[in-house]
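Numbering (this note's numbering), first residue to last: 81 to 235.
First the structure, in the form of structure tokens, and then the observations on it.
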């Protein structure tokens, strides 16, 4: 590319995604959901149903609003109408290429993309910062360096 960086060949979403995803379940309260985000130092999390299907996403802002309007004991599942619907989630499959992932981040102002299987079940997440580390190299931070497993198959 003429802009000073190249999209790495053969890198798939699967090689970049985290699979130990902290998620919110429909039976959690607003208070428990806030606790989960604070405990793990994250700004948002996918909302999943009983079969791990990604049905929404919730942010700190969403939870602050729900705490104010619905109360801390309100169930997430009872307030899904106030959260983004599943058809508005920004998702990819783990077989997607790095180029597809990059284009998705360019098209949508999100911090993370939810990785789902063919049935919409949560498989993992890829953050915008992971994409930047792949393109520009890891910076000296407290976070782990990004490890890329390349796909040796020819296209």
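The C-beta atom is built at its ideal place from N, Cα and C for all residues, glycine as well.
Whose C-beta lies closer than 6 Å to the C-beta of residue i among residues of the same chain, with five residues either side of it excluded?
i	result
residue 96	206, 210
residue 201	132, 133
residue 190	170
residue 197	203
residue 166	135
residue 114	143
Using the rule of at least 16 other Cβ atoms within 10 Å of the residue's Cβ for burial, across every protein chain shown, is residue i buried or exposed?
i	result
residue 126	buried
residue 192	buried
residue 143	buried
residue 213	buried
residue 223	Caution is warranted here: a pLDDT of 45 is assigned to residue 223, below 50, making its placement in the model unreliable, and the coordinate value is therefore given only provisionally. Exposed, since its Cβ has fewer than 16 Cβ neighbours within 10 Å.
Given residue i, which residues of its chain have a CB within under 7 Å of its CB, disregarding the five upstream and five downstream residues?
i	result
residue 139	123, 124
residue 98	204, 205
residue 157	106, 107
residue 101	126, 202, 204, 205
What's the gap between the Cα of residue i and the Cα of residue j?
i	j	result
residue 171	residue 105	18 Å
residue 93	residue 141	28 Å
residue 154	residue 187	33 Å
residue 151	residue 217	43 Å
residue 129	residue 174	20 Å
residue 116	residue 199	26 Å
Using C-beta distances below 8 Å, list every residue in its chain close to residue i, excluding the 5 sequence neighbours before and after it, in chain order.
i	result
residue 137	124, 125, 126, 127, 163, 164, 169, 194
residue 185	193, 208, 211
residue 160	106, 127, 135, 136
residue 120	102
residue 180	93, 172
Would the segment 100-111 and the segment 146-154 be scored as touching if the rule is three or more Cβ pairs under 8 Å? yes
Please specify which runs of the alpha helix (DSSP H), each continuous and at least 4 residues long, are wholly inside the segment 103-150, giving them in chain order. 110-120, 140-149
Segments of 3+ residues assigned as beta strand (DSSP E) that fall wholly inside the segment 186-216: 192-196, 202-207
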